[in-house]
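2 protein chains.
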Amino acid sequence: MRDCRRPFRLVEPERMSACDTCIVRNRAICAGLEHPEITALSAMGRRRSVSAGEPLIWEDDDSLLVANVIEGVLKLTTSTADGREQIVGVAYPSDFIGRPFGQTSAASVVALTDARVCVFARNDFDRFAREHPELEHKLLERTLAELDRTRAWMMPLGRKSAPEKIATFLLDMSERLADNGCMAHTGPARNFTLPFSRQQVADLLGLTIETVSRQFTKLKADGVVALPGRRDVEILDRSALEMLAG
Amino acid sequence: MRDCRRPFRLVEPERMSACDTCIVRNRAICAGLEHPEITALSAMGRRRSVSAGEPLIWEDDDSLLVANVIEGVLKLTTSTADGREQIVGVAYPSDFIGRPFGQTSAASVVALTDARVCVFARNDFDRFAREHPELEHKLLERTLAELDRTRAWMMPLGRKSAPEKIATFLLDMSERLADNGCMAHTGPARNFTLPFSRQQVADLLGLTIETVSRQFTKLKADGVVALPGRRDVEILDRSALEMLAG
DNA sequence: GTTCCAGTTTGATTTCGGTCAAGGATCGTA
DNA sequence: TACGATCCTTGACCGAAATCAAACTGGAAC
């Protein structure tokens, strides 16, 4: 992840905060906030590390905290009583997680990789957001984009076959895992490392781990992708993948 | 749909607008706006009727308009090139539709029943919203709730069996089609009329029309529901339905 | 009433993806 | 480098839902 802070600016020492050196400072919802607002927000929040597999928010629990993702990848999931799981969202650096303005969280949030987040007590954040329309606007834009993305994902889930799901997933990953720093778009990645285990890919696509494995093997056998490591993907024939995605 | 306007208030005749008699005035995002804001908003919008089956917004088209639903039910859908369809959302009276702050619409919007909507040019609406934080806040709350609802629907789509999907669907309909006027909650409806054909239920659940039909027939045979008309449902054994929903 | 027709139901058959079971690869740790 | 645990792959088989096909139903128009 490329660092893309604004050019360094001198600030009075007592106003120096973690935000000034935050690597997602210009991409997260706090972008655009200036002193003294950023100082006030910074005072409310604290940084936290979450190791891979560790939960941050529990489904149906009281919504007590919200956060910005600084580093790492987290999954949002819902589960049934008998243990079936569906991944309903994935949060990358600069993404916002948690449920502001609501009593309960509809999904669990669990780190997929070691992650760092910038957490806020939800009621503090709610109050601050209501007093800062620019922040609320950023949050609205982000929420609308996430809603679009979530709806777009319902098509593969409900209507696509296993091969189509896998191809759609790989193309999606190739775009989201492209270097999304501050430089000009570099286009979709040809090589990338999935933040998911096979089981997690299955939970994202509504398949079983065996079916996911078989589809990966098939793509490799057909020369569409190379799989140099358990989680590494190299796209050898993008147009074939696009055809398969339907 | 019960009328639930605020108590009648005298206003100067020249300020009288359609909003003053709007049946969703207190539930849509315009709730809370007072004169002269409501007058300004009203001047930007116009009412439109959409008959059942008629489209209002096309997928991937430029996002030119947004709207409040006044009356009727509309579906939001995405389609593949080969004609498969997935319903990704359903809009009821007082719901907001369209994609503000974005260039293109991610889903088509088509009326399921005859409907009336209050439409705005998107760029007019965007400008007005940015100048009225209270309106943006309402839109944010609504978008967050819709995101929760959409994510919750991914579990049935990806992980549930056909009988579970149908049971989940009927329970959901029973709640959303309950009298949602201004009176105290009356609880889920026991009798209701679906705004969907069998094919549309299939498009919502990621099933085929035949499977939907068979599942309905089974529920009737088992005495869980009665089906007095093509689209009419009476829930005879709610706890059985809840068991089946998983 | 009769006809027409879209929408729905029912039946027969197929197939895709799930389930069950076993074996293999990879990684962290000692 | 050996061990163990976890994750992944592969195979055999099964079953739920899709597909293909045909018959039925209930309004709308005449």
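Residue numbers (this note's numbering), protein chains in the order written: chain A, 29 to 274; chain B, 29 to 274.
We treat Cβ as the ideally placed atom computed from N, Cα and C, and that holds for glycine.
Across which residues does DSSP place residue 126 of chain B in a beta bridge pair?
DSSP, once it has assigned bridges, lists no residue as partnering residue 126 of chain B.
If you measure between the beta carbons of residue 172 of chain A and residue 171 of chain B, is that distance less than 7 Å?
yes
What are the boundary residues of the alpha helix (DSSP H) that includes residue 244 of chain B?
237-249
Tell me the DSSP bridge mates of residue 132 of chain B?
B/90
Could you name the residues of the same chain whose beta carbon sits closer than 6 Å to that of residue 117 of chain A, not counting the 5 residues immediately before and after it, in chain order?
104
List the endpoints of the continuous alpha helix (DSSP H) containing residue 52 of chain A.
Note, residue 52 of chain A: premise wrong, no alpha helix (DSSP H); not H, not E.
For residue 31 of chain B, which of helix, strand or coil comes out of DSSP?
With a pLDDT of only 45 at residue 31 of chain B, under the threshold of 50, the placement of this residue in the model should not be trusted; the figure read from the coordinates follows. It is coil, neither helix nor strand.
How many angstroms separate the CA atom of residue 98 of chain A from the CA atom of residue 214 of chain A?
21 Å
Cβ closer than 7 Å: which chain A residues qualify as neighbours of residue 169 of chain B?
129
Bridge partners for residue 107 of chain B per DSSP, in chain order?
B/113
Bridge partners - residue 144 of chain A, DSSP secondary structure assignment
A/77, A/99
Backbone secondary structure at residue 154 of chain B - three-state DSSP:
helix
Secondary structure at residue 36 of chain A, three-state DSSP: helix, strand or coil?
Here the model assigns residue 36 of chain A a pLDDT of 45, short of 50, so the residue's position is not dependable and the matter cannot be decided.
Contact set for residue 191 of chain A: own chain, Cβ-Cβ below 7 Å, skip 5 residues either direction:
243, 272
Cβ of residue 111 of chain A within 7 Å of any chain B Cβ:
no
What three-state label does DSSP hand residue 169 of chain B in the structure shown?
helix
So, for residue 166 of chain B: in the same chain, excluding its five sequence neighbours on each side, which residues have a beta-carbon less than 6 Å away from its beta-carbon?
57
Any 3 or more C-beta pairs closer than 8 Å across the segment 132-144 of chain A and the segment 198-207 of chain B:
no
Who does residue 224 of chain B pair with in a DSSP beta bridge?
Answer is none; residue 224 of chain B lacks a bridge partner.
Within 10 Å of its beta-carbon, does residue 267 of chain B have 16 or more other beta-carbons around it, so buried, or fewer, so exposed?
exposed
With respect to the beta strand (DSSP E) encompassing residue 84 of chain A, which residues constitute its N-terminal and C-terminal limits?
83-85
Taking the alpha carbon of residue 265 of chain B as the reference point, which residue from B/249, B/51, B/69 has its own alpha carbon closest?
B/249
By how many angstroms is the C-alpha of residue 257 of chain B removed from the C-alpha of residue 92 of chain A?
46 Å
Determine which residues of the segment 143-176 of chain B have a Cβ less than 8 Å from any Cβ of chain A, and write them out in chain order.
158, 161, 164, 165, 167, 168, 169, 171, 172, 173, 174, 175, 176
Is there contact here, the segment 74-87 of chain B with the segment 136-151 of chain B, by at least three beta-carbon pairs under 8 Å?
yes
Kindly indicate which residue of B/218, B/228, B/109, B/234 has the alpha-carbon position closest to the one of residue 255 of chain B.
B/218
Does chain B have any CB closer than 7 Å to the CB of residue 201 of chain A?
no
Reduced DSSP secondary structure (H/G/I, E/B, other) of residue 252 of chain B
coil
According to DSSP, residue 137 of chain A sits in a beta bridge with which residue or residues?
A/85, A/104
Identify which residue in B/144, B/195, B/222 has its Cα closest to the Cα of residue 260 of chain B.
B/222
Leaving aside the five residues before and after residue 123 of chain B along the sequence, list all residues of the same chain whose C-beta is less than 7 Å from its C-beta, in chain order.
97
So the candidates are B/49, B/64, B/68; which of them puts its Cα closest to the Cα of residue 153 of chain B?
B/68
How would you label residue 53 of chain B, buried or exposed, when you count the other beta carbons within 10 angstroms and need 16 or more for buried?
buried
Return no unless some Cβ of chain A is closer than 7 Å to the Cβ of residue 60 of chain B.
no
Apply the 10 Å Cβ neighbour rule to residue 182 of chain A and answer buried if 16 or more other Cβ atoms are within range, or exposed otherwise.
buried
How many Å lie between residue 151 of chain A and residue 128 of chain A at the Cα?
8 Å
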